[in-house]
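Chemist: Before we start, here is the structure in question, set down as structure tokens.
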Amino acid sequence: MKSGKGAYKAATHLPAGHYQFRYLADGWDWRNDDQAEAYTDSGYGTINCCFALDAVNKVAAAPKAPAKPAAKKAEAKPAAPKAAVKKAEATPPAAKKTAAKAAPAKTEAKKADDLKRIEGIGPKIATLLNEAGIYTFAELSKASPTMLADVLQAAGARYRLAKPGTWQEQASLAAAGKEEELKKLQEELKGGVR
1 MKSGKGAYKA ATHLPAGHYQ FRYLADGWDW RNDDQAEAYT DSGYGTINCC FALDAVNKVA
61 AAPKAPAKPA AKKAEAKPAA PKAAVKKAEA TPPAAKKTAA KAAPAKTEAK KADDLKRIEG
121 IGPKIATLLN EAGIYTFAEL SKASPTMLAD VLQAAGARYR LAKPGTWQEQ ASLAAAGKEE
181 ELKKLQEELK GGVR
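Residue 1 is where the sequence shown starts when you use UniProt numbering, and the numbers rise one by one after that.
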């Protein structure tokens, strides 16, 4: 670390993952950031700040397409009104199909289970799972751990720290109607974690 202008600075390369940190203040007092993403027990009787570091993907710039001559653009304009007429004719049947598709979606919503009954799933995570196509306990019990991790990862830093390790087990008990076993398991868990 280098000291300068009342602060210490350092640079390092970290792989993607979850990290814990605290600040050393006054040379002996360790303090937490009051605006950290999350906090966790360090295992040594203290609480550490947490943050998740995403992988950085370098993307090469796409080559630019060559400019087209202006004469071709002028020729293409007369064809546009014909396409607009065809689109106008096609719009009413498409609207009917959309209305027909909306009705089954409401039926599916009635069949959805209350995923918040699973220890570790709150209202927002339940919504995220619904958006990913998971509505029932049976669907949750069959979801892969990778898929659940991807849903949480895409939702942002706040949800990356959720631990879906027991969600499938709880969901399979709930789907099978084994309420007593589910209740016993949930008494052992804290935030969905053993």
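No residue lacks a Cβ here, since even glycine has one placed at the ideal position from N, Cα and C. If you're wondering where the values come from, they're calculated on a predicted model, not measured in any experiment.
With Glu119 and Gln186 assumed to form a contact (beta carbons below 8 Å), what rounded beta-carbon distance in angstroms separates them?
Modeler: Sequence index remark: in the sequence shown, residue 119 carries index 119 (1-based). Sequence index remark: in the sequence shown, residue 186 carries index 186 (1-based). With a Cβ gap of about 5 Å, Glu119 and Gln186 count as contacting.
Chemist: Using the Cα positions of Arg31 and Ala25, report the straight-line distance between them to the nearest angstrom.
Modeler: Position 31 of the sequence shown, counted from the first residue, corresponds to residue 31. Position 25 of the sequence shown, counted from the first residue, corresponds to residue 25. Roughly 7 Å separates the two Cα atoms.
Chemist: Could you give the distance in angstroms between the alpha-carbon of Asp150 and the alpha-carbon of Asn130?
Modeler: In the sequence shown, residue 150 corresponds to position 150, counting from 1. In the sequence shown, residue 130 corresponds to position 130, counting from 1. Cα atoms of Asp150 and Asn130: separation of roughly 14 Å, rounded to the nearest angstrom.
Chemist: In the DSSP assignment, what residue or residues form a beta bridge with Asn48?
Modeler: Here the question's residue 48 lines up with position 48 in the sequence shown. DSSP output for Asn48 lists Thr40 as bridge partner(s).
Chemist: What does Gly17 pair with, by DSSP beta-bridge criteria?
Modeler: Within the sequence shown, numbered from 1, the residue matching residue 17 stands at position 17. Leu53.
Chemist: Got a sec? Which residues, its chain only, sit under 7 Å from Arg117 by beta carbon, not counting five neighbours each side?
Modeler: Here the question's residue 117 lines up with position 117 in the sequence shown. Excluding five sequence positions before and after Arg117, the CB atoms of its chain that fall closer than 7 Å to its own CB belong to Ala174, given in chain order.
Chemist: Which residues in the same chain have their Cβ closer than 6 Å to the Cβ of Tyr159, if we skip the five residues on either side of it in sequence?
Modeler: Mapped onto the sequence shown, residue 159 falls at position 159. Its chain contains Leu152 as the residues whose beta carbon lies nearer than 6 Å to that of Tyr159, once the 5 sequence neighbours on both sides are disregarded; these appear in chain order.
Chemist: Using the beta-carbon count (16 or more within 10 Å), is Ala171 buried or exposed?
Modeler: Here residue 171 refers to the residue found at position 171 when the sequence shown is read from its first residue. Ala171 is buried by the Cβ-count criterion.
Chemist: Quick one: residues in its chain with C-beta nearer than 6 Å to the C-beta of Asp33, no 5 flanking neighbours on either side, listed in chain order?
Modeler: Taking the sequence shown and counting its residues from 1, one reaches residue 33 at position 33. Same-chain partners within the cutoff: Cys49.
Chemist: Which class does Ala25 belong to by DSSP, given the choice of helix, strand or coil?
Modeler: The sequence position of residue 25 within the sequence shown is 25, counting from 1. Ala25: strand per DSSP, three-state reduction.
Chemist: Identify, in the order they occur along the chain, each residue of the same chain with its Cβ nearer than 8 Å to the Cβ of Pro164, setting aside the five sequence neighbours on each side.
Modeler: Walking along the sequence shown from the start, residue 164 turns up at place 164. Here the set comprises Gly120, Pro145, Leu148, Ala149, Leu152 and Gly192.
Chemist: Could you check if Ser42 is buried or exposed, using at least 16 other CB atoms within 10 Å of its CB as the buried criterion?
Modeler: What you label residue 42 is simply residue 42 of the sequence shown in a count that begins at 1. The residue in question, Ser42, is exposed, as its Cβ has fewer than 16 Cβ neighbours within 10 Å.
Chemist: Taking the alpha carbon of Tyr19 as the reference point, which residue from Trp167, Ala112, Ala11 and Leu161 has its own alpha carbon closest?
Modeler: Along the sequence shown, one-based indexing puts residue 19 at 19. The shortest Cα separation from Tyr19 among Trp167, Ala112, Ala11 and Leu161 belongs to Leu161.
Chemist: Would you tell me roughly how many angstroms separate the C-alpha atoms of Ala38 and Tyr44, rounded to the nearest one?
Modeler: Residue mapping note: residue 38 aligns to position 38 of the sequence shown, counting from 1. Residue mapping note: residue 44 aligns to position 44 of the sequence shown, counting from 1. Approximately 18 Å between the Cα atoms of the pair.
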